[in-house]
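Chemist: Residue numbers (the numbering used here): 700 to 1115.
Glycine included, every Cβ here is placed at the ideal spot set by N, Cα and C.
1) Excluding five sequence neighbours on each side, which residues of the same chain lie with their C-beta closer than 6 Å to the C-beta of residue 1033?
2) When DSSP labels each residue in this structure, what does residue 754 get in the three-state scheme?
3) Can you round the beta-carbon distance between residue 922 and residue 979 to whole angstroms, since I take them to be within the 8 Å contact cut?
4) Can you tell me whether residue 1043 is helix, strand or coil according to DSSP?
5) Please state the DSSP three-state secondary structure of residue 953.
6) Please classify residue 1111: is it buried, with 16 or more other beta-carbons within 10 angstroms of its beta-carbon, or exposed?
7) Assign residue 744 to one of three DSSP states: helix, strand, or coil.
8) In angstroms with no decimal places, state the Cα-to-Cα distance between residue 854 and residue 875.
9) In three-state DSSP terms, what is residue 704?
10) Are the beta-carbon atoms of residue 710 and residue 1051 separated by less than 8 Å?
11) If you drop the 5 nearest sequence neighbours on each side, which residues of the same chain put their C-beta closer than 7 Å to that of residue 1083?
12) State the CB to CB distance for the pair residue 800 and residue 787, rounded to an integer number of angstroms; the pair is presumed to be in contact (CB under 8 Å).
13) Since residue 995 contacts residue 952 with CB under 8 Å, what's their CB separation in whole angstroms?
14) What does the Cβ neighbour count give for residue 911, buried or exposed, with the cut at 16 atoms within 10 Å?
15) Straight-line CA distance for residue 836 to residue 827?
16) Nearest-angstrom Cα distance between residue 878 and residue 863?
17) Tell me which residue opens and which closes the beta strand (DSSP E) that residue 1015 is part of.
18) Can you tell me the Cα-Cα spacing of residue 764 and residue 803, whole angstroms?
19) Sort out for me which residues DSSP pairs residue 995 with in a bridge.
20) Under 8 Å Cβ to Cβ from residue 905, same chain only, skipping five residues before and after it: list those, please.
21) In the DSSP assignment, find the unbroken alpha helix (DSSP H) run with residue 807 in it and report its ends.
22) Report the residue ranges of all beta strand (DSSP E) runs contained in full by the stretch 813-894; include only those spanning at least 3 residues, in chain order.
23) Determine, using beta carbons only, whether residue 1006 and residue 1023 come nearer to each other than 8 Å.
24) Residue 1093: which of 1028, 1076 and 1047 sits nearest, CA to CA?
25) According to DSSP, is residue 735 part of a helix, a strand, or is it coil?
26) Among residues of its own chain, excluding the 5 on either side of residue 1113, which ones have a beta-carbon nearer than 8 Å to its beta-carbon?
27) Apply the 10 Å Cβ neighbour rule to residue 1081 and answer buried if 16 or more other Cβ atoms are within range, or exposed otherwise.
28) Rounded to a whole number of angstroms, what is the C-alpha to C-alpha distance between residue 821 and residue 761?
29) So is residue 891 buried or exposed if we call it buried at 16+ other beta carbons inside 10 Å?
30) For residue 1006, name the three-state secondary structure that DSSP assigns.
31) Is residue 944 helix, strand or coil by DSSP?
32) Can you tell me the Cβ-Cβ gap for residue 1054 and residue 1067, rounded? I've got them flagged as a contact below 8 Å.
33) I'd like to check one pair, residue 805 with residue 793: are the Cβ atoms closer than 8 Å?
34) From residue 738 to residue 927, what does the alpha carbon distance come to, in whole angstroms?
35) Provide the residue(s) that pair with residue 662 in DSSP beta bridges, ordered along the chain.
36) Would you tell me roughly how many angstroms separate the C-alpha atoms of residue 1041 and residue 987, rounded to the nearest one?
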């Protein structure tokens, strides 16, 4: 086994730990196999793996399709059929055949919905990964999704991604958000690999320059999430809606961790593509991790990373969400691989220990996705176990060499 880091005794270099990650991969894939919806796409599951309702979730359909396509590339049995169902559903059942694009569920069931860049980024991620897995219909979905994204969501003027529209593509939302830009960055980097088109990396760098190098850096690397149409920070946004699952008030340390490892991925990819690599990408990634850890991790009275804190660095919502810990694990491992600094091993072991002892549901499968401040099961923000994406991607990324994380996500691993 190749060493993933030069840090002595790192768990990332231990066969037993890699085996634990592989076990998590299989358990996660198995849990969500029954999430297919008869009306198209995939539905949300409760904590026992039973349907929460019969309304397909377009976002999770895109995420599941992305994950099962990656699994199909790696040869996980049963993944091809699930990826095919996802692609068929996104092409047919969930697609708005009148105006183009996607809403949160079936078009007829979503009259007051909006067409969001966040969702469309995941549709494009799904199509892109499915193309690499040779899933039927992926090429057609990719062409539709990339054209829609370029036409409606990427702003050449602002060099960032716009937020949302009414279903007929009128009424562009004035709000500007970091979250949709973060996942668009993730998607752009994937497209740069598969298309070998460096323009996607130029878009990626433009997003990072504005949201991280300009705004987060000037706020001690707390990620500013909410802006107006002039990209002026809105520090009071959703102050009366603290538990929003996509636009919560204040600062979300989980996003600090997520941006952190995406910046290192961007650094690596710029280098591979022969483009200039700003030195500040690494500096900003370190700053993001340090601030997210300092303000997010709580040792006492109960371990875990909180959901949000305010602009005085005081906790706001103390729920422990599974995705936050998955992103923190990837961020600590990524910096450890990049810097060979053993302090990140300390963070990594704490996070993995928390995941293993507190989040992994050994009895019913998958992970608990929302725990309260005492680490008891909650559904304040996330009901049941709707999400495969964050935990599954963690299990794929952690055992990879740093310079192969993006590449090997989309290509089969060679068997020696």
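Modeler: From the atom records:
1) If we look at residue 1033 and ignore the five residues flanking it on each side, its Cβ neighbours are 960 and 963.
2) In the three-state scheme derived from DSSP, where H, G and I count as helix and E and B as strand, residue 754 is classed as coil.
3) In this structure residue 922 is not in contact with residue 979, their Cβ atoms being roughly 16 Å apart against a cut-off of 8 Å.
4) Per DSSP, reduced to three states, the secondary structure at residue 1043 is helical.
5) DSSP places residue 953 in helix when its eight states are reduced to three.
6) The predicted model places residue 1111 with a pLDDT of 45, which falls under 50 and marks its position as unreliable; any figure quoted below should be read in that light. Counting the other Cβ atoms within 10 Å of the Cβ of residue 1111 gives fewer than 16, which makes it exposed.
7) For residue 744, the three-state secondary structure derived from DSSP is strand.
8) Residue 854 and residue 875: Cα-Cα distance of roughly 12 Å.
9) Here residue 704 sits in coil by DSSP.
10) Yes, they are a contact pair.
11) Excluding sequence positions up to five before and after residue 1083, its CB lies within less than 7 Å of the CB of 743, 744, 745, 746 and 751, all in the same chain and listed in chain order.
12) With a Cβ gap of about 17 Å, residue 800 and residue 787 do not count as contacting.
13) Rounded, the Cβ-Cβ distance is 3 Å, consistent with contact.
14) Burial call: buried.
15) Cα to Cα, the separation comes out at about 11 Å.
16) C-alpha separation (whole angstroms): 12 Å.
17) Run containing residue 1015: 1014-1016, per the beta strand (DSSP E) assignment.
18) Rounded to the nearest angstrom, the two C-alpha atoms are 15 Å apart.
19) Beta-bridge pairing links residue 995 to no other residue.
20) Close CB contacts of residue 905 within its chain, under the 8 Å cut and outside five residues either way in sequence, are with 858 and 859 (chain order).
21) Note, residue 807: premise wrong, no alpha helix (DSSP H); not H, not E.
22) Complete beta strand (DSSP E) runs here, min 3: none at all.
23) Closer than 8 Å, so yes.
24) Of 1028, 1076 and 1047, the residue nearest in Cα terms is 1028.
25) Per DSSP, reduced to three states, the secondary structure at residue 735 is strand.
26) Reliability of the predicted coordinates at residue 1113 is poor, the pLDDT of 38 falling under 50, and the value obtained from them is presented with this limitation in mind. Excluding sequence neighbours, residue 1113 sits near nothing in its chain.
27) The residue is buried, with at least 16 neighbouring Cβ atoms inside 10 Å.
28) Taking the CA atoms as reference points, residue 821 sits about 6 Å from residue 761.
29) Counting Cβ neighbours within 10 Å, residue 891 comes out buried, since at least 16 surround it.
30) Here residue 1006 sits in coil by DSSP.
31) Three-state result, residue 944: coil.
32) So it is not a contact: roughly 10 Å between Cβ atoms.
33) The answer is yes: Cβ separation under 8 Å.
34) Here the C-alpha atom of residue 738 lies approximately 37 Å from the C-alpha atom of residue 927.
35) Coverage of the chain is limited to positions 700 through 1115, which leaves residue 662 absent and any answer about it impossible.
36) Distance from the CA of residue 1041 to the CA of residue 987, rounded to the nearest whole angstrom, comes to 18 Å.
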